[in-house]
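This report concerns only the one structure given below.
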Amino acid sequence: MFHVAALTGLLVGSAYGYVSQRGAFCMNSGFRAVVTERNTTKLKAYVLAIALQMIAVPLVFAWGLSTATYPAFFPVGAVVGGLLFGASMKWAGGCAAGVWYKVGAGSLGSLAAVLGMAVGATLLERGPLAGLREAIQFFGPPLRLSVEAWAWAPIAGLILVVALSRAGTGVAGHWSWRRTGLIMGVIGVAAWPLSSLAARDFGMAVVPGTVGLLAEPVARFMTWDVLFVLGIPLGGFIAARQDGPVTASKASLADASKRFAGGFGLGTGASLAAGCTVGHGLTGVPLLAPGSIVAIIAIFAGSAITSLWGMRASPATV
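Under our numbering, think of the first position of the sequence shown as 322, with each following residue one higher.
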């Protein structure tokens, strides 16, 4: 029964990958476009997905379909890890979930980034660098709320929805930002009760499953988190297949090495921050989790720094 419930992770992951590919839903390009192009199309989809979860996820808790679980908040880890994650997106060619869905679309460079992310996160979570992670995270004591902040989330969500209703239209990939954000928000809400069927009370997250692929025995591959990340490239492949045959894109050794290094930064950054643009942004922020809010701000700042540096270094190509 547990394994059957865990299969819902594959379903949610596939849906995430499909929507991401059709809507070009990746916060590497989403955050970078805000800085370099003053284009907020992808960011609006991201915020809409968050806002809808702010409204609906508390109902999931109120109806007893799942239990509220906050991402951990390590102040120093959230800032340092967030900055590293945000900066690394440029070289990885995507955020944590972004490189996963691009693998399904045939990107060998993204495959190198996924491998780097898995190695980096595993070294800090389960490997010889775990002590370094703990030292950085506990440099400042972990913080927890004394009140259920998610009870106020619907109000914030409604305010965001009203603000977004006045925003202009725009298309990213094949879909409008409203369509992408709406469906991604529904997927995020569904992740809570579906994962609870597998005794896992949490929303979507990329790092746990990525680490599980390297660190867990084969018998543990049937976990919700692992099946979720494996579903992302599956959904990306199905979506990409709508445009024709999916072929593997070529990646030079130099490009693959850069992507691997970028992925390594994603993995180590997400481990230090205790989450990424999915675990913090699409799961923690809708609950008004303070660690998630701080981490996302740091990730955006890291992305902005590398984006501005790139504009300064080669303005003619940006």
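We put the beta carbon where it would ideally sit given N, CA and C, even for glycine.
Original post:
So, using beta-carbon positions, are TRP498 and GLY491 closer together than 8 angstroms?
Top reply: yes
Subject >> Chain-order list of residues whose beta-carbon lies under 7 angstroms from that of SER467 (same chain, five-residue window excluded) >> reply: Unreliable positioning characterises SER467 in this predicted model, as indicated by a pLDDT of 46, which lies under 50. The coordinate reading is nonetheless provided below. Cβ within range, chain order: n/a, list empty.
**OP:** Hey, could you find the ends of the alpha helix (DSSP H) GLY437 is sitting in?
**Re:** 429-446
Original post:
Which residues in the same chain as CYS416 place their Cβ atom closer than 6 angstroms to its Cβ, once the five residues preceding and following it in sequence are excluded?
Top reply: CYS347, MET348, ASN349, MET410 and THR598
Original post:
For PRO379, which residues of its own chain have a beta-carbon under 7 angstroms away from its beta-carbon, when the five flanking residues on both sides are left out?
Top reply: TRP471, ALA472, ALA474 and PRO475
Original post:
Which residues does DSSP pair with VAL424 in a beta bridge?
Top reply: Looking at the DSSP assignment, VAL424 forms no beta bridge with any residue, so it has no partner.
Subject >> From ASP522, GLY600, ALA372 and GLY631, residue whose alpha carbon lies closest to that of LEU479 >> reply: ALA372
**OP:** Work out the CA separation of VAL532 and GLY583 for me, nearest whole Å.
**Re:** 16 angstroms
**OP:** Would you mind giving the Cβ-Cβ distance between TRP412 and GLY586, rounded to the nearest angstrom? I have them listed as a contact below 8 angstroms.
**Re:** The distance from the Cβ of TRP412 to that of GLY586 is about 7 angstroms, consistent with a contact at the 8 angstroms cut-off.
Original post:
Taking just the CA atoms, how far does ALA511 sit from SER517?
Top reply: Between the alpha carbons of SER517 and ALA511 lies a gap of roughly 10 angstroms.
Original post:
Among GLY330, LEU331, ALA426 and PHE394, which residue has its Cα nearest to the Cα of SER341?
Top reply: ALA426
Original post:
Using the C-alpha atoms, what's the distance from PRO529 back to GLY596?
Top reply: If you take the alpha carbons of GLY596 and PRO529, they lie about 9 angstroms apart.
Original post:
With a cut-off of 8 angstroms, do at least 3 Cβ pairs link the region 327-339 to the region 554-570?
Top reply: yes
Original post:
At what residue ranges does the region 598-639 contain a whole run of the beta strand (DSSP E), taking only runs of 3 or more?
Top reply: If only uninterrupted beta strand (DSSP E) runs of at least 3 residues are considered, none is enclosed by the region 598-639.
Subject >> Through-space distance from ARG580 to PRO566, alpha-carbon basis >> reply: 24 angstroms
**OP:** Out of SER628, MET543, PRO514 and MET525, point me to the one whose CA is closest to TRP384's CA.
**Re:** Ranking the options by Cα distance to TRP384, first place goes to PRO514.
Subject >> LEU445 beta carbon less than 8 angstroms from that of THR589 >> reply: Cβ atoms of THR589 and LEU445: closer than 8 angstroms.
Original post:
Going along the chain, which residues of its own chain have a beta-carbon closer than 7 angstroms to the beta-carbon of ILE620, five neighbours each way excluded?
Top reply: The beta carbon of ILE620 is closer than 7 angstroms to those of GLY403, PHE406, GLY407 and THR598 in its chain, skipping five residues each way along the sequence.
**OP:** To the nearest angstrom, report how far apart GLY419 and SER573 are at their CA atoms.
**Re:** Straight through space, the alpha carbons of SER573 and GLY419 are spaced by roughly 20 angstroms.
**OP:** Use the C-beta contact count for GLY612: other C-beta atoms within 10 angstroms, 16 or more gives buried, fewer gives exposed.
**Re:** buried
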